[in-house]
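One line per chain: the protein sequences are V and S, in this order. Remember, my numbering sits 3 above the position in the first sequence when you count from 1. Remember, my numbering sits 16 above the position in the second sequence when you count from 1.
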Amino acid sequence: MKKFFSISLTLVFGLSAITGMAQRYGNVPKVAASNPCSDFHKKSCLKSPDEGFTYNGQSKSALFAKGQQSTMKAVFYKGMDYHISVCTEDETQANFTIKDVKTGEVLYDNSTDNNTQEIQISNENTRSVNIQVTLPGGDAGGEKGGKKDMVKGQEGMCAGLLIEHRRSDKTGF
Amino acid sequence: MKKLKMKKIILFANAVALTAFLSACGNADDNATTANVDSTAVDSSAMMSPDEPQELISIPAPDEMFSFMKDIGGEGKSATYLNNPDNYKNYVDTKSKALNFGIYATDFLYCSTFDYGAEGLKYFVNVKKLGDELGISGVISESMSDRIKKNIGKTDSLTDLSNTLYFSAISELENSEKASVLSLVIVGGWIESMHLVTNMVKKFKADNPAIDRIAEQKYTLDNLLVYLDKHKSDANVSAVIEQLNELKSVFDQLKEESTSGTVSAKNGKKVLGGGTKISITEAQYKAISEKVKSIHDNFTMGK
């Protein structure tokens, strides 16, 4: 049993770690993660075509129900450019907004920007923000990419928020 | 068929690992799902409902702070303030192992970023040992160890590898549902980055961008405390919350001035203007540095 336990642990941790590393900026299928959406953003969200951006550790993936809203707290520093992209498993276009936590102002809403799924931003001051992602729908069923059995009978899919950063160039603000 | 069998083995192994961990810690609260959960509480999916919004909390990783410091010149860099590798032997309980896993991983990243590659190997070795003891040894494969050893002296490659190591560890802990361990690793990493950076900036100058960046850690600390609060049922986490609240009370004295937000477009990007400007005095900077040192020394069991 001890041997099996040790093999099991090695299998679980080894596989997911190797996958995690391989998935970092790669297109390797995900296996053996207890979070079905782990690292989804790394393999599915659009990366900035511009030079100099690196992966930001505030990126996240989560399992969403259609119509579900998720808010992610993050900190964006002044003097940095951030490339933010949202992606979903079935390529549903998500709505996302960026709200300043301190002032409560909605600074950006992609529904007023052709529902674009990626933007590049800079901040004049460091901000604590809430990035709110909402998946449309809630009435669809059995579509591709669904995880019906995994979420107590509800239709769900992975959604990811990939953040990349680089130092703003000197001609910025 | 073979794939299905493998999947079953993995699922079973997952269950075994989870059960073992919960038994060892004697704390099932970490797995309790709530309506509002963060991304590390993996079971959030089980409670998923369109009527129940999720709240995810992200903490900037230490690399963002170090790359910023390097970009502005890297003045004051020193290996003097890294946690002594020999302290490893003092870390015998889960709390100190997890905190110092984060601390040594951050030290390794610091060494990689600021060209102390050879020195960094000692920290890498300790990260590996603590990772083994915390049950996340899979984060560091043989091939990764080899790549790290081969890239000593190549700053960019080593920085990339140390970042991969840090993010893999975070990802591994998220997947293995060790929420309290993950919390402590993140706290250790953040406190170490603060400790190292405040020691890079010994002399206060109000217009030093590094001082600004340290003051702005107020927001990161606020988010960190919200995140930790979700795992406060764990005694180790609640003890750390108490210590960080002392630091928060110092940060809360910083002056903040808010102006209305504006949005403009420049070179294809949105420039978000306005917001809140934080200012810090020399006395406040000193108080923050001292409190960080005190928490750091408590975590590392150093002098």
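Built from N, CA and C at the ideal position, the CB exists for glycine as well.
CB contact flag (residue i, residue j, <9 Å)
i	j	result
S/Thr-236	S/Ile-75	yes
S/Lys-286	S/Ser-280	yes
V/Thr-95	V/Pro-139	yes
V/Glu-127	V/Val-89	no
S/Ala-121	S/Tyr-107	no
V/Ser-73	S/Glu-71	yes
S/Thr-129	S/Ser-178	yes
S/Gly-318	S/Asn-142	no
S/Tyr-243	S/Ser-192	no
V/Glu-167	V/Asn-98	no
S/Met-85	S/Ala-222	no
S/Trp-206	S/Gly-118	yes
V/His-44	V/Lys-63	yes
S/Lys-271	S/Asp-238	no
S/Ser-254	V/Ser-41	no
S/Ile-73	V/Lys-76	yes
V/Ser-51	V/Met-83	no
S/Ile-156	S/Ala-134	no
S/Gly-291	V/Gln-123	no
Residue i (DSSP reduced to helix, strand or coil)
i	result
V/Glu-127	coil
S/Asn-294	Strictly speaking, residue 294 of chain S in this sequence is Ile, with Asn absent from that position. Of the three classes helix, strand and coil, the one that applies to S/Ile-294 here is strand, per DSSP.
S/Phe-183	helix
S/Ile-73	strand
S/Ala-270	With the sequence shown as reference, residue 270 of chain S is identified as Leu, and Ala is not the correct amino acid for it. Here S/Leu-270 sits in coil by DSSP.
V/Asp-112	strand
S/Gly-204	helix
S/Met-317	coil
V/Gly-159	strand
S/Ala-222	coil
V/Ser-41	coil
S/Ile-227	helix
S/Tyr-107	coil
S/Ser-60	In this prediction, S/Ser-60 scores a pLDDT of 32, lower than 50, which makes its location untrustworthy; the coordinate-derived value is nonetheless stated afterwards. Note: S/Ser-60 maps to helix in three-state DSSP.
S/Ser-310	helix
S/Asp-250	coil
V/Met-153	Interpretation of V/Met-153 is limited by its pLDDT of 46, a score under 50 that renders its predicted location unreliable; the figure taken from the coordinates is listed afterwards. Reduced to three states, the DSSP call for V/Met-153 is helix.
S/Asp-172	helix
S/Glu-262	helix
S/Ala-299	helix
S/Ser-305	helix
S/Gly-42	Low per-residue confidence applies at S/Gly-42: pLDDT is 30, beneath 50, and the placement is therefore not dependable, though the value from the model is reported in the following sentence. Three-state DSSP puts S/Gly-42 in coil, outside helix and strand.
S/Asn-191	helix
According to DSSP, residues forming a beta bridge with residue i
i	result
V/Gln-135	V/Thr-74, V/Thr-100
V/Glu-167	V/Tyr-58, V/His-86
S/Gly-289	S/Thr-278
S/Met-9	It is not possible to answer for residue 9 of chain S, since the shown part of chain S is limited to 17 through 319.
V/Glu-121	V/Ser-88
Range of the contiguous alpha helix (DSSP H) that encloses residue i
i	result
S/Lys-144	133 to 150
V/Leu-49	It is not in any alpha helix (DSSP H) - V/Leu-49 carries neither H nor E in the DSSP assignment.
V/Lys-81	No alpha helix (DSSP H) holds V/Lys-81; DSSP gives it neither H nor E.
S/Thr-96	Run containing S/Thr-96: none; DSSP gives neither H nor E here.
S/Ser-83	78 to 87
S/Asp-238	233 to 245
Run of the beta strand (DSSP E) containing residue i, from where it starts to where it stops
i	result
V/Phe-67	63 to 68
S/Tyr-126	Premise fails: S/Tyr-126 lies in the alpha helix (DSSP H), 110 to 129, not in any beta strand (DSSP E).
C-beta neighbour in chain C for residue i, strict 9 Å
i	result
V/Lys-50	Within the model displayed, chain C is absent; protein chains V and S are what it includes.
To be precise: take each residue of the stretch 124 to 135 of chain V, compare its Cβ to all Cβ atoms of chain S, and keep it if any distance is under 8 Å. Which residues remain?
Ile-124, Ser-125, Asn-126, Glu-127, Asn-128, Thr-129, Arg-130, Ser-131
The stretch 69 to 83 of chain V: positions lying closer than 9 Å to chain S by Cβ:
Lys-69, Gly-70, Gln-71, Gln-72, Ser-73, Thr-74, Met-75, Lys-76, Ala-77, Val-78, Phe-79, Tyr-80, Lys-81, Gly-82, Met-83
Select from the stretch 68 to 98 of chain S all residues with a C-beta closer than 8 Å to any C-beta belonging to chain V, and list them in chain order.
Glu-68, Pro-69, Gln-70, Glu-71, Leu-72, Ile-73, Ser-74, Ile-75, Pro-76, Ala-77, Asp-79, Glu-80, Ser-83, Phe-84, Asp-87
Chain V contacts from the stretch 195 to 221 of chain S (Cβ-Cβ distance under 8 Å):
none
May I ask you to list, following chain order, the residues of the stretch 95 to 122 of chain S that have a beta carbon less than 8 Å from some beta carbon of chain V?
none
Mind listing which residues of the stretch 100 to 112 of chain V have their C-beta closer than 7 Å to chain S's C-betas, in chain order?
Asp-103, Lys-105, Thr-106, Glu-108, Leu-110, Tyr-111
What residues from the stretch 51 to 62 of chain V come within 8 Å of chain S, judged by C-beta to C-beta, listed N to C?
Of all residues in the stretch 51 to 62 of chain V, Thr-57, Tyr-58, Asn-59, Gly-60, Gln-61, Ser-62 have a Cβ within less than 8 Å of some Cβ in chain S.
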